[in-house]
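Notes to accompany the following structure.
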Ligand code: KIV
Ligand code: NA
């Protein structure tokens, strides 16, 4: 899927199935199974490098994995995460995006944060860098938050997340990820903005779903509530990816039990 096709999928109300990927082998099979878009997430720090959070991941790390994913998926959309603080200033963000799109071959970069990041997002989009926003739970702030928790349960927090999304859209994002929020807020976000909203732990009413590949293949020790083991359903790696795509398209994933 290209950026325009993603937008069209939202208009057509066809849910978008997105997965993280870190290498060519798995990404190729996932693309063949119908996965629409790929995220080279800084979750690679945890699931590939074995670190306790995502903070030590570097721009070079993400570019290294993005280049492999790019080779595996052909023309499919590849989004690469901007690592912790690589988006702290306009200059650093432009440099990082250059590496992720240049050697990494990414089509789009994703950065965490709301209205406070609008200036950085605007500088990127003005320079021709397609940007995906990321609101709700922000894993890069885990050491400040003190843990991974559902965000936007209080009305004031939900309103702030909605305003953040709108500020990012005004700054030019093409796609938005929302992580770990109540289902009602996931739905409200998808209704409030015209860019596709991809949820993880955000209920079934967003415009699409994204999961960490290792989580949905049952490799994670204590998976969060919003994870389903699709390998158990699908019977093989290819089958797991196909089952994920099918469940997302039919809005049979996530269920209420897999949501907040
Ligand atoms: O790094 C990652 O895998 C992500 C997803 C959880 C959205 O940012
Ligand atoms: Na990430």
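In the working numbering, the protein residues as written are 1262 to 1521. Virtual Cβ for every residue (Gly too), placed ideally from N, Cα, C.
Any heavy atom of the ligand NA inside 7 Å of the beta-carbon of residue 1348?
no
Which value, in whole angstroms, describes the spacing of the CA atoms of residue 1282 and residue 1474?
6 Å
Taking the alpha carbon of residue 1462 as the reference point, which residue from 1396, 1271 and 1355 has its own alpha carbon closest?
1396
How about residue 1503 and residue 1295: do their beta carbons lie closer than 8 Å?
yes
When we look at the beta-carbon of residue 1372 and count the other beta-carbons within 10 Å, is it buried (16 or more) or exposed?
By the neighbour-count rule (16 or more Cβ atoms within 10 Å), residue 1372 is buried.
With distances taken between CB atoms, is the gap from residue 1411 to residue 1441 smaller than 8 Å?
yes
Considering residue 1341, what are the terminal residues of the beta strand (DSSP E) in which it resides?
1338-1342
What number of angstroms, rounded off, separates the C-alpha of residue 1243 from the C-alpha of residue 1499?
The question about residue 1243 has no answer here: the residues shown for the chain are numbered 1262 through 1521.
List the residues that DSSP assigns as beta-bridge partners of residue 1461.
1440
Quick check for students: name the residue ranges of the beta strand (DSSP E) that lie wholly in the segment 1296-1366, counting only runs of 3 or more.
Fully contained in the segment 1296-1366 are the following beta strand (DSSP E) runs of length 3 or more, in chain order: 1298-1301 and 1338-1342.
Are residue 1481 and residue 1488 closer than 8 Å when you measure CB to CB?
yes
What is the DSSP secondary structure of residue 1294, counted as helix, strand or coil?
coil
Closer than 8 Å is the cut-off here; do at least three beta carbon pairs connect the segment 1318-1337 with the segment 1352-1372?
At 8 Å Cβ cutoff, the stretches touch.
Identify whether residue 1288 lies in helix, strand or coil by the three-state DSSP scheme.
helix
Which residues does DSSP list as the beta-bridge partners of residue 1277?
According to DSSP, residue 1277 bridges with 1469.
According to DSSP, residue 1373 sits in a beta bridge with which residue or residues?
1395
Please list, in chain order, all residues with a C-beta atom less than 7 Å from at least one heavy atom of the ligand KIV.
In chain order, the hits are 1281, 1300, 1302, 1303, 1304, 1315, 1342, 1371, 1395, 1400, 1438, 1440, 1461, 1471 and 1473.
If you drop the 5 nearest sequence neighbours on each side, which residues of the same chain put their C-beta closer than 8 Å to that of residue 1299?
1279, 1280, 1281, 1282, 1288, 1291, 1292, 1330, 1334, 1337, 1338, 1339 and 1340
Is the segment 1431-1448 in contact with the segment 1343-1358, if contact means three or more CB pairs nearer than 8 Å?
Judged by Cβ distances under 8 Å, the segment 1431-1448 makes no contact with the segment 1343-1358, as fewer than three pairs qualify.
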